[in-house]
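Heads up, the thing below is written out as structure tokens.
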Amino acid sequence: MGEDATAIIVAAGSGRRMGFDKLFADLGGEPVLARTLRAFHACEAVSEIIVVAAEARAGEVASLAANIGAGKVAAAIPGGAERHQSVWRGIQAASPESALLAVHDGARPLIAPEAIARCLAAAAERGAAACARPVADTMMRADAEEPGDRAR
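Its first residue numbered 17, the sequence shown is counted upward by one per residue in my numbering.
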């Protein structure tokens, strides 16, 4: 790809809808956030990672990154009251040399480094990109008796 990319990992949520802090919930023996950070750290297209965390957890996030060897984590900074404010703080903290920004929810740990690289390559080529996968499960409309079309 040849362009520097900064990953902004938004991890400042309160977990109020889930009733617990899902970022530090155990997933296969380690916190959810650790798995997310590992994926972005393993992606060669990402040159730095900024984690935007709840102010009370910024130190814990920095320690987690150090403990798992995620040396690309340049900073763990406090987030804002709303998600868009947290993203903006992450953008402001990104290196000025970064040509691309990737914004990802820290509570989404199942992203693969290859998917991150493909999305960044598409963004470099087209100006913007979003990483998504087709729905594999059968979907039913509430007002229909037949399964929905997955292609839509």
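Cβ coordinates follow ideal geometry from the N, Cα and C atoms, glycine included.
Everything numeric in this text was worked out from a predicted model, so none of it was measured.
Residues bridged to residue i [DSSP beta-bridge criterion]
| i | result |
| --- | --- |
| aspartate 42 | Pro47 |
| alanine 91 | Ile66 |
| isoleucine 24 | Ile66 and Val119 |
7 Å Cβ shell around residue i - same chain, five flanking residues per side excluded
| i | result |
| --- | --- |
| alanine 27 | Leu39, Leu49, Val67, Val68, Ala69, Val77 and Gly122 |
| alanine 90 | Glu64, Ile65 and Ile66 |
Separation of residue j from residue i, as counted between CA atoms
| i | j | result |
| --- | --- | --- |
| alanine 145 | alanine 137 | 9 Å |
| serine 102 | glycine 95 | 4 Å |
| serine 114 | alanine 158 | 45 Å |
| aspartate 153 | arginine 54 | 27 Å |
| alanine 128 | aspartate 37 | 23 Å |
| threonine 52 | alanine 140 | 22 Å |
| glycine 45 | arginine 142 | 38 Å |
| leucine 80 | proline 150 | 32 Å |
| alanine 72 | leucine 43 | 22 Å |
Buried/exposed call for residue i, threshold 16 Cβ in 10 Å
| i | result |
| --- | --- |
| alanine 82 | exposed |
| glycine 106 | buried |
| glycine 29 | buried |
| serine 111 | exposed |
| leucine 126 | exposed |
| histidine 120 | buried |
Rounded Cβ spacing between residue i and residue j (contact assumed at less than 8 Å)
| i | j | result |
| --- | --- | --- |
| isoleucine 25 | isoleucine 84 | Isoleucine 25 to isoleucine 84, Cβ: 13 Å. No contact. |
| alanine 131 | alanine 61 | 11 Å between Cβ atoms; not a contact. |
| alanine 86 | histidine 57 | 4 Å |
Chain-order list of residues whose beta-carbon lies under 6 Å from that of residue i (same chain, five-residue window excluded)
| i | result |
| --- | --- |
| proline 47 | Phe40 |
| cysteine 135 | Ala145 and Cys147 |
| alanine 23 | Phe56, Val62, Ile65 and Ala118 |
| cysteine 59 | Pro129, Ile132 and Ala133 |
Close beta carbons around residue i, own chain, < 8 Å, minus the five adjacent residues each side
| i | result |
| --- | --- |
| isoleucine 93 | Ile66, Val67, Val68, Ala69, Ala74, Arg105, Gly106 and Ala109 |
| aspartate 20 | Ser63, Glu64, Ser111, Glu113, Ser114, Ala115 and Leu116 |
| arginine 124 | Thr52 |
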